[in-house]
Each structure stands twice: as C-alpha cells, then as structure tokens.
Amino acid sequence: MYAILVWVFVSLSFPFVLFAETRIPVNSNEITLSFAPVVKRAAPAVVNIYAKRLVNQNRSPFQNDPFFRRFFQNRINPQKRVQNSLGSGVILSEDGYVVSNYHVVGNASDIRVVLNDRRQFTASVALADEKNDLAILILENAESMPFLALREDEAVAVGELVLAIGNPFGVGQTVTSGIISGLARSGTADGSGRGYYLQTDAAINPGNSGGALVDINGSLVGINTSILTRSGGSNGIGFAIPAAFVREFLRQAKSGVKKFEQPWLGVFGQAITPELAEALQLDGFDGMVISALHEKSPLMLAGLSKGDVVVSVDNFAVNGPAEMLYRLTVAGIGSQSKLTIVSGGQRRDLWIELKPAPNDPPSNLKRLPKTSPLRDLIVRIINPAVQQEMGLGLSTRGIVVVEPGPIGSRLGFRSGDIIEEINGNRLNSAEQIDELIGTSNRSGQFIISRDGQRLTIRYRT
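In terms of the working numbering, the sequence shown is numbered consecutively and its last residue is 454.
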C-alpha cells in the first residue's frame, strides 16, 4: 500500500521521474496532499452577501386553488413584504468590485457584504443581467481589498482539480474540492438551457451561489451558480459561469454601461450529428449547422445560408448557439472574430466585426392612454434586440407585453405575451394598437403567443 502511495506522490510532484525507486515514506509530508495554501490565498476574497428586496404578495384566501385563482388572482391588492436572500460573492479588484449571481442581489433595496475577516460593507449594483445570472457590485469606501485574479488561460480541462468556496446554507465559509467534470454545459438535464457552464463535482449547495470556483493556483476559474438536484442539496453536479465571461461582464460594468450587451449574428443552428456529418461530408463532428438566419444577419450579408456550417469561433470549436454566443461574448463587442465555416463543401475563414443586435425599428415602450379600453397596458415592438434579450425565435414578429396593467391582468395578459393580431389584423408597430382598439371599440379579440402556444383573449369593456 505504501509503495503505491509513494508512486502516486512522486508522479504528481515530479512527472519527469518515471522509474523512481520504491521506498517507504519517512514522514507525513511525503503522503499528504493539502489544499491549505490555495485556500489561504483565495478565501479572503470570497464574501458573504445578505440582500433585502421588497416583493408583492397576494393575500387571497383562494390563491392556492386553481379554480378560484382564475377569478381572483388580480382583484386583491398585493401587499409588500421584505424578502431576504443569502449568497456568496468574489472580490475582483482591490477597489471593491464584487461579482455575484443576479438571483442573489437582483432588485435588492439593501445589500450588505461581509468579508472573511468580519469586516462589513454596504454595496450597490453597478451592472446586473438576469438572463446570464450575473451582477457586479461596488463596495462603499473600499480600498486595498483582497481579491482573486481571473484565470488568464481559457483552456480549462476536464479532470482539473478545483475548489468551491462559499457560504452554503449560511453555516459560514466552506471549502469543498472536486474536479472539472465537463465543459460547455447548458445547465439543464435535457440540454435545453441557453447558458454555457463549467460542470464540477465539488459540492455546491444553496448559499454557494456567487461563490468562487478556483484552480490549484488560486485563480478564479468560475462563479458557482446552480446545481442539478432533486433533494435540494448537492449530488455532484454543479455549474459555474466561466471566468472569461466574468471578465467581459466586469469590463462592461467598469465602463459605466447599465445594460449588458452581447454580440449578435442573427443565426440559429444545431449541433453536428453523425448523420449530418455524413450528409454534409464533414471531416468531424465539431460545428453548428445553420438552420435559420435573420434577414439582417451579418452572416447572411456575407453570403451564408441555411445548411452552411460554423466549425469554430477564434479557433474554438462550437457545437450550438449557446457555445457560439459565449465565444463571441468573451471576444467583446467591437472586436473582430474569426469564424471558420464550411459552405458549399468548401472550408474557409470569415472575419466578422462584432456588434450588438440592431434596435431597428426602435423598440420604445408605449403605454396605452387612459382613454383606451386597455389603459395602462405597456408594450413594445419586437426587433432583433428584443429577440436576443427575450430569447425569441428569429422569425418572431408582433408586439410584446411589458406590463399588462390592471385591466390587462384581469383579461388574462401576462408580461412576455406576444400580441400577433387584433381583430384579425397583424401588428407591425406599437402604434397600431391604438388604431385597432381605438376609444369606441368596446369589444374585440387578441391572438397572442405564450410559451409556444397560440391563445385567444377576448375583451369587452
């Protein structure tokens, strides 16, 4: 047994010694593998975050009964209550920039950050994005803060040793160890998620959200974000947002923008299967087959069409829309990215300037006036920027409901509903709603799309 342990120790510490003489260890230092130096370096930069937010709570005696909820869900005035959340965060600079998850601090009215040495700071949100579940905080009156460096090398490999540091269940700072179990994960069991995550078997539990995933050099590899579980606790499948994505998010936060922007190519596609690889006469299975293009897509303008294949972005293989968007995002808006494509059986490189999705036509908010039968309904037209923001299909058209308002809520409208038709007329602008409803039409019919289903809403006022 000792001989085996000695061989493992030697091969980890001195990989060039392949045929070292077997001997019995003479002290504990020769058989002990410790992460203590890594933890000592990384732990001071991992913080506990306590956030408070005001949320609406409906106090209907029938709110849990599906039958009565249809009639009373919006007729009882909601009451405000304070909701507390607990999570973790990582200090990224000595002047007090902290990264955490949106679901920890989003819409919070009060944020308190507690360091490992028990110092406390009030924090404000510099940039937050719900879709990507990230937020950057700024600590007030912070200077000479301990911080973690973002890993420079993007070549994270499956099997690398990593440590997860956070505050699970509020018990205090906790360190768990594991390995990188997978790359380019969607964050869901069926692969339907839109994210791009690192997978780890290091134990991650509620309260770890926003905490650090570090390598054995103490560099930040990712931000712990979610787990797949049925019990509510860790079962060895956790997900972290890669450090390269965090770096771009931090860059935009420091630039002062209030909305996180990602590049847009206006394409959708699917991963290469063996059948597709054979049909398209591809050399391997890397790549994404383009299945749809927006008419304003820069790839369409460059001559690409359905059936063409995007093999890689900046020499990184891509196998779906989420992975391609990740690679473009870490490259950054304003930069030039190299796309290796296969079109017409020919492989070639294409350089694309990365730009945000066009806000054309302008998607300004429109509130229906008090004279309208659906007064206070807030809508905006769907354009490429809205499609990207809401994760809509490239062919989605119409008007999206931002806020239904009291009357709209009673009729059954929800935020995110897409209004396609009013009284049999297709919608091409937000102004059409006023024209088609008017002030004298006291009844009518809407055709809406919700979660992939087409629904009819009739109104009579």
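A virtual CB, placed ideally from N, CA and C, is assigned to each residue, including glycine.
Point to revise | P351 versus A378 - alpha carbon distance | key: 6 Å
Practice item. Please confirm whether any heavy atom of the ligand SAM lies closer than 7 Å to the CB of L275. Key: Absence of the ligand SAM from the depicted structure is noted, as is the absence of any ligand whatsoever, leaving it without description.
Practice item. Drop a sphere of 10 angstroms on the beta-carbon of T322, count the other beta-carbons inside from all chains shown, and report buried for 16 or more, exposed for fewer. Key: buried
Review point. Mind checking I440: buried by the 16 CB within 10 Å criterion, or exposed?
Key: buried
Review point. Using the beta-carbon count (16 or more within 10 Å), is N201 buried or exposed?
Key: buried
**Study point:** L127 - containing beta strand (DSSP E), residue span
**Key:** 127 to 132
Exercise for review: Determine the direct distance from the alpha carbon of K33 to that of D398, and round the result to whole angstroms.
Suggested key: Reading the sequence as shown, one finds Gly at residue 398 and not Asp. Taking the straight line joining both Cα atoms gives about 53 Å.
Check your understanding: DSSP puts R74 in a beta bridge; with which residues?
Key -> V48
Review point. In whole angstroms, what separates the C-alpha of F115 from that of G231?
Key: It should be noted that the sequence gives Thr, not Phe, for residue 115. T115 and G231: Cα-Cα distance of roughly 29 Å.
Point to revise | Proximity of I42 and S93 at Cβ, strictly below 8 Å | key: yes
Point to revise | Runs of beta strand (DSSP E) wholly within the region 278 to 316 (minimum 3 residues, chain order) | key: 281 to 286, 302 to 306
Check your understanding: For S86, which option in S117, S102, A38 has the closest C-alpha, if you only look at C-alpha atoms?
Key -> A38
Check your understanding: Thinking just about the alpha-carbon of each residue, which of Q113, S356, S212 is nearest to the one in E153?
Key -> S212
Review point. Taking only runs of the beta strand (DSSP E) that begin and end inside the region 369 to 439, which ones reach a length of at least 3 residues, in chain order?
Key: 371 to 374, 392 to 396, 411 to 415
Exercise for review: Since I believe K45 is in contact with V75 (beta carbons under 8 Å), could you give me their beta-carbon distance rounded to a whole number of angstroms?
Suggested key: 6 Å
Review point. So what's Q274 in DSSP terms, helix, strand or just coil?
Key: coil
Practice item. State the DSSP-derived secondary structure class of P349, mapped to helix, strand or coil. Key: strand
Review point. Can you give the beta carbon distance from G249 to I265, rounded, assuming they're within the 8 Å contact cut?
Key: At roughly 41 Å, the Cβ-Cβ gap does not stay under 8 Å, so G249 and I265 are not in contact.
Check your understanding: Helix, strand or coil: how does DSSP classify Q446 here?
Key -> strand
Practice item. Could you name the residues that DSSP lists as bridge partners for V91? Key: I84, L130
Review point. In chain order, what residues of the same chain have a beta carbon less than 6 Å from the beta carbon of D143, not counting five sequence neighbours either side?
Key: According to the sequence shown, residue 143 is Leu rather than Asp. Excluding positions up to five away in sequence, the list reads L213, A236, R240.
**Study point:** Between the CA atoms of F242 and T259 - distance to the nearest angstrom
**Key:** Looking at the sequence provided, one finds Gly at residue 259 rather than Thr. For G259 and F242, the distance between alpha carbons rounds to 21 Å.
Review point. Does DSSP put S248 in a helix, in a strand, or in coil?
Key: helix
Check your understanding: Anyone know if the C-beta pair for R368 and N357 falls short of 8 Å?
Key -> no
Exercise for review: Give the DSSP-derived three-state secondary structure of I441 in the structure shown.
Suggested key: strand
Review point. With distances taken between CB atoms, is the gap from G204 to I234 smaller than 8 Å?
Key: no
Exercise for review: Would you please state the rounded distance, in angstroms, between the beta carbons of I415 and V393? I believe it to be under 8 Å.
Suggested key: Actually they are not in contact, since the Cβ atoms of I415 and V393 sit about 14 Å apart, beyond 8 Å.
Check your understanding: What did DSSP end up calling K33 once you bin it into helix, strand or coil?
Key -> helix
Check your understanding: What's the call for F406, buried or exposed, on a 16-neighbour Cβ count within 10 Å?
Key -> buried
Point to revise | Those residues which DSSP pairs with G175 across a bridge | key: Q192
Practice item. Kindly list the residues whose CB is nearer than 6 Å to the CB of I104, restricted to its own chain and excluding five residues on each side of it in sequence; keep chain order. Key: A44, V98, A116
Review point. Residues in its own chain within less than 7 Å of P30 by CB, not counting five upstream and five downstream?
Key: none
Review point. What number of angstroms, rounded off, separates the C-alpha of L273 from the C-alpha of V149?
Key: 30 Å
Practice item. State the Cα-Cα distance for the pair L332 and Q425, rounded to the nearest angstrom. Key: 40 Å
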